[in-house]
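Colleague: Residue numbers (the working numbering), protein chains in the order written: chain L, 14 to 123; chain W, 17 to 128. We treat Cβ as the ideally placed atom computed from N, Cα and C, and that holds for glycine.
1) By the DSSP assignment, the beta strand (DSSP E) with residue 118 (chain L) in it spans what residues?
2) Give the DSSP-derived three-state secondary structure of residue 101 (chain W) in the structure shown.
3) If I follow the unbroken beta strand (DSSP E) through residue 71 (chain W), where does it start and stop?
4) Using a Cβ-Cβ cutoff of less than 7 Å, which residues in the same chain neighbour residue 98 (chain W) once the five nearest sequence positions on both sides are dropped?
5) Show which residues of chain W have a CB atom less than 8 Å away from the CB atom of residue 115 (chain L).
6) List the DSSP bridge partners of residue 36 (chain L).
7) Give me the DSSP bridge partner(s) of residue 62 (chain L).
8) In chain W, what lies closer than 7 Å to residue 56 (chain L) by C-beta?
9) Does chain L have any CB closer than 9 Å to the CB of residue 61 (chain W)?
10) Pairing CB atoms from the stretch 66-83 of chain L with CB atoms from the stretch 18-37 of chain W, are three or more of them under 8 Å?
11) For residue 41 (chain W), count neighbouring C-beta atoms within 10 Å of its own C-beta (all shown protein chains included) and say buried if the count is 16 or more, exposed if not.
12) Whose Cβ in chain W lies nearer than 9 Å to the Cβ of residue 59 (chain L)?
13) What residue does the beta strand (DSSP E) around residue 83 (chain W) start on, and which one ends it?
14) Give the single residue among W:17, W:35, W:103, W:125 whose Cα lies nearest to the Cα of residue 79 (chain W).
15) Where do the N-terminal and C-terminal ends of the beta strand (DSSP E) with residue 93 (chain W) fall, by residue?
16) Using 8 Å for Cβ pairs, my map puts residue 56 (chain L) next to residue 18 (chain W). What's the rounded Cβ distance?
17) Within 9 Å of any Cβ in chain L, is that where the Cβ of residue 84 (chain W) sits?
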């Protein structure tokens, strides 16, 4: 599995956009980028995933660079409830398992 | 409620004992995955079952074993427990190997 690199922590003001970066410079052509988050010892929650194109859903947007070596998860209007550890994972879509790294601890402040 | 049910939510037991953790996947999901999360550690993949068959193994100790039953629920058996086995144990399920998993809320195991 390709490795990912994320900053250990980030702060964001409530109501502002949170932009969480992820580097995956060794990503293969058939590997997808997935984002999960874990709120204080709860089960991880799927957020979004993509291959090449930018993706958007009701939770977030995923921007993948043209060379696919990095991506950014955008929470458009962060709330206090978005405080969590965010994991960026690359995975072949028909591969068996996700490997979770250390993630980014996002602190949303009032 | 994610649809993945894990029981019990909390478990306290003594060293040397054996426990069984249970997971019921979302309706229609054939794959079940087990993860361990120790204090201040990341999520470690343990094992995956698909439709009753073991599909992949991760960093699972020999003292641990799992199985998936015909009704697709899964059990993780932990034996000869040590203090270091204290952790959150998560189960996740998916339809197959594609797309994302849905995680349960976990079982917090404390070994004293």
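Modeller: Answer, in terms of the structure:
1) As a working mapping, residue 118 (chain L) is identified with position 105 in the first chain. Note, residue 118 (chain L): beta strand (DSSP E), 117-122.
2) Residue mapping note: residue 101 (chain W) aligns to position 85 of the second chain, counting from 1. Looking at residue 101 (chain W) - three-state DSSP - the assignment turns out to be helix.
3) Start at 1 with the first residue of the second chain, and residue 71 (chain W) comes out as number 55. Residue 71 (chain W) -> beta strand (DSSP E) spans 69-73.
4) The sequence position of residue 98 (chain W) within the second chain is 82, counting from 1. Within the same chain, residue 98 (chain W) has close Cβ partners 31, 127.
5) Position 102 of the first chain, counted from the start, is the residue given in the question as residue 115 (chain L). Here the neighbours are 58.
6) Indexing the first chain from 1 puts residue 36 (chain L) at position 23. In the DSSP output, where bridge partners are listed per residue, residue 36 (chain L) has L:18, L:83.
7) As a first step, residue 62 (chain L) must be located in the first chain, where it is residue number 49. Note: residue 62 (chain L) sits in a beta bridge opposite L:47.
8) Here residue 56 (chain L) is taken as the residue at index 43 of the first chain, counted from 1. Within chain W, the residues near residue 56 (chain L) are 18, 106, 119, 120, 121, 122.
9) Counting from one through the second chain, the residue named residue 61 (chain W) turns up at place 45. Judged by the 9 Å Cβ criterion, residue 61 (chain W) is in contact with chain L.
10) no
11) Taking the second chain and counting its residues from 1, the one referred to as residue 41 (chain W) is at position 25. A buried status is given to residue 41 (chain W), since no fewer than 16 other beta-carbon atoms sit within 10 Å of its beta-carbon.
12) One-based indexing of the first chain puts residue 59 (chain L) at position 46. Simply 115, 116, 117, 118, 119.
13) To locate residue 83 (chain W), count along the second chain from 1; it is residue 67. Note, residue 83 (chain W): beta strand (DSSP E), 80-84.
14) The sequence position of residue 79 (chain W) within the second chain is 63, counting from 1. Nearest option by C-alpha distance: W:35.
15) The residue you call residue 93 (chain W) lines up with position 77 of the second chain. Its beta strand (DSSP E) spans residues 90-94.
16) Here residue 56 (chain L) refers to the residue found at position 43 when the first chain is read from its first residue. Here residue 18 (chain W) refers to the residue found at position 2 when the second chain is read from its first residue. Yes, they are in contact, since the Cβ atoms of residue 56 (chain L) and residue 18 (chain W) sit about 6 Å apart, within 8 Å.
17) Position 68 of the second chain, counting from 1, holds the residue named residue 84 (chain W). It does not: the Cβ of residue 84 (chain W) has no partner Cβ on chain L nearer than 9 Å.
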